[in-house]
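FYI, in the working numbering the residues of the sequence shown are 675 to 1149. All residues carry an ideal CB built from backbone N, CA and C; glycine is no exception. Since the structure comes first, as structure tokens, the remarks are kept for the end.
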Amino acid sequence: MNVKHIHWLHKELDQWKEEGIISEEQSHQLQAKYGFIPKEGPSWTRLITVLGGAILILLGIILLFAGYWYGFSPNGRFDWSLAILLLAIAVVGGGVWKAKPASMVAESITVIYMGLLTATTLLVADTFYTGEHMGLYVLIILCCALPIIYVLDSALGMILYLIGVLGWSFSSHPLNTWVGPVAVGGLLLVAVPYYIRRFGKYQGSKDSLLVSVSWAFIGAIFGEVFFILSTYEPQMNLFFISVLGAVTYGLGTLEKKIALLALPCKGIGAIALLYTIVEGTYISTWIRIGESTMAWWLWFCMVLSLGIAVLVLRRLVLAKRIESTIGLIPFVIFGCYVVTVSGATPILTSILFNAYILVAALGTFIRGTLVKKVSLLNSSILTLIAMFGARFFDPSFTFVERGVSFLVLGVIVLGINALYLWRKRLQRVKVNQRVRQARRQSTDPTMEEFPLGEQAVSKDVKVVDSEGVVKEEER
């Protein structure tokens, strides 16, 4: 029984006994059966309210200290930083002692602990002016937070952990040409057992946070690939991100058994492909590729990765999915690499790449119109916006060229709108024509004598009478 109903029952029992509706014994029976209030955990609303109050108190303390922080000596600031760290340890100790793993309380404690740990690390760095790269602080925070994430089985903590890894991957200045990518890869590897364990639990009971963890994990993998390429071979960034994006998007499109991975794979793959479209539109990208030297082993890796893309593309073609046009992006970029290295001008390579994007977007749009699938229409429009938006921000083009690009985009958008209106008008005319034919038939004098139901009954009666006449003639 609902808790509100139980409280209402306790209030009404005394009045019912006074009015003689129930006896004393019946009152005790009702209390014994329905009077127990079960113990429940805090609701999300109550937990968010308490967490919001705690954040307000914490912000108030921070603002109070902000005015006097630099008035303390370095040793005093260090002592206050240690006090915040001890508070974080006390909070997480209480959570390990009392909180149930993977509960709302455990999630909140993990987030608070990571926030206090981050504040302590940054305050110590500011106090002693260490001047280290932000990646070092991220590495310290994530290494200290990971054991608590495992102990409390916190999905929110793991999401923040992976966001930290992703942020470090896209940092402009890596910690070291060797330490940075290796550290990010190590942080991802130690997070894999958590994901496998959480994924195993999902098979038995639904886990609402696991989808978000999947998004963060796949995004962190892309970040690691981007980090490695940007550090060692920046000219190969465009190609390998396109291969990884096309393969991931294709697998997300084809995946039907595990719905948990389908949406994150499609989403992250689509973001990677949009990055590929924007980066491939820039003329500076092809200038950098044309000026770089590419060893034979890079070409070998490119061909090998294209073999993987062929497998996914083959499955898309066999499934008759229009997404197979997206799977061709790595092959088009590979051809653009060959053309650029052969001596073609960067603007010619950019035009060839954009021509393919226009054809693919048009094919996707036509397919979406035929099958009436909004996602395909949105993807084609988003592709065009990404390409022409890159043209607008590309400093290699003059304002006249950018203006022409946007005029073309406007004409395309208006053309799409006109096509929709024309198709909608055809559908309206077709439906109205059917209605007119139905009205003409309903106004037929032979049809007006009998309603539709009576006509059907009369036909059945005639059939029965004819069958009776045939039987009498046979006798």
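Looking at chain D, is there any beta carbon in it that lies within less than 8 Å of the beta carbon of P908? This model lacks chain D altogether, as it is built from one protein chain only.
Count the other CB atoms within 10 Å of the CB of C817; is the residue buried (16 or more) or exposed (fewer)? exposed
In chain order, what residues of the same chain lie with their CB nearer than 7 Å to the CB of V921, ignoring the 5 residues before and after it? I982, A983 and V986
Report all residues from its chain with a CB closer than 8 Å to the CB of Q689; omit the five preceding and five following residues, and keep chain order. No residues qualify anywhere along the chain.
Work out the CA separation of G1037 and A1060 for me, nearest whole Å. 17 Å
So, L721 versus L761, is the Cβ gap smaller than 8 Å? No, they are not a contact pair.
The alpha helix (DSSP H) that contains K772, what's its start and end? P748 to K772
Where does L1002 sit, in a helix, a strand or coil, going by DSSP? coil
What is the C-beta distance between S882 and V858, in whole angstroms, given that I count them as a contact (C-beta under 8 Å)? Not a contact, Cβ separation roughly 28 Å.
C-alpha gap between Y868 and Y824, whole angstroms: 7 Å
Presumed contact (8 Å Cβ cut-off) between G924 and I1007, rounded CB distance: Between I1007 and G924 the Cβ distance is about 16 Å, and since that is not below 8 Å, they are no contact.
Is the distance from the Cβ of V1015 to the Cβ of T1023 below 8 Å? Contact flag unset, no.
Rounded straight-line distance, which links the Cα of F873 to that of M832: So the alpha carbons of these two residues sit roughly 13 Å apart.
Sort V853, M788 and E929 by Cα distance to A993 and report the nearest one. E929
Any idea what DSSP makes of G1163, helix, strand or coil? Residue 1163 is absent from the structure shown; the chain starts at 675 and stops at 1149.
Using 10 angstroms around the beta-carbon of A764, count the other beta-carbons present and answer buried if the total reaches 16, otherwise exposed. exposed
Taking V766 as the reference, which of S979, T784 and L1100 has the closest Cα? T784
Does DSSP put R995 in a helix, a strand or coil? Reduced to three states, the DSSP call for R995 is coil.
Return yes when the Cβ of Q909 is within less than 8 Å of the Cβ of S979, no when it is not. no
Three-way DSSP call (helix, strand, coil) for E693 in this model: helix
Once you ignore the five residues that flank I1031 on each side, which residues in its own chain have a CB closer than 7 Å to its CB? I951, T1057 and M1061
Straight-line Cα distance separating A793 from I786: 11 Å
Note down, in chain order, each residue of its chain lying with its Cβ closer than 6 Å to the Cβ of A1035, except the 5 sequence neighbours on either side. S1054, T1057 and L1058
Beta-carbon proximity check, G893 vs G919, cutoff 8 Å: no
Close beta carbons around L934, own chain, < 8 Å, minus the five adjacent residues each side: Correct list, in chain order: F873, Y876, L884, V885 and S888.
Mind reading off the beta-carbon distance from S916 to I1003? Whole number of angstroms is fine, and I expect it under 8 Å. Taking the Cβ atoms as the reference, S916 lies roughly 5 Å from I1003, within the contact range of under 8 Å.
Which of helix, strand or coil DSSP assigns to P855: Note: P855 maps to helix in three-state DSSP.
Per-residue DSSP class, three states only, for E929: coil
Burial state of G772, where buried means 16 or more other Cβ atoms lie within 10 Å: With the sequence shown as reference, residue 772 is identified as Lys, and Gly is not the correct amino acid for it. So K772 ends up on the exposed side.
Taking all protein chains shown into account, do 16 or more other C-beta atoms lie within 10 angstroms of the C-beta of A1029, making it buried, or fewer, making it exposed? exposed
Between the alpha carbons of E693 and S701, how many angstroms are there, rounded? 13 Å
In whole angstroms, what is the alpha-carbon distance linking K685 and V724? 30 Å
For the alpha helix (DSSP H) holding L1056, just list the boundary residues, first then last. V1048 to F1067
May I ask which residues mark the beginning and end of the alpha helix (DSSP H) holding S777? That residue, S777, is in no alpha helix (DSSP H); it is neither H nor E in DSSP.
Within 10 angstroms of the Cβ of G897, are there 16 or more other Cβ atoms? Answer buried if so, exposed if not. buried
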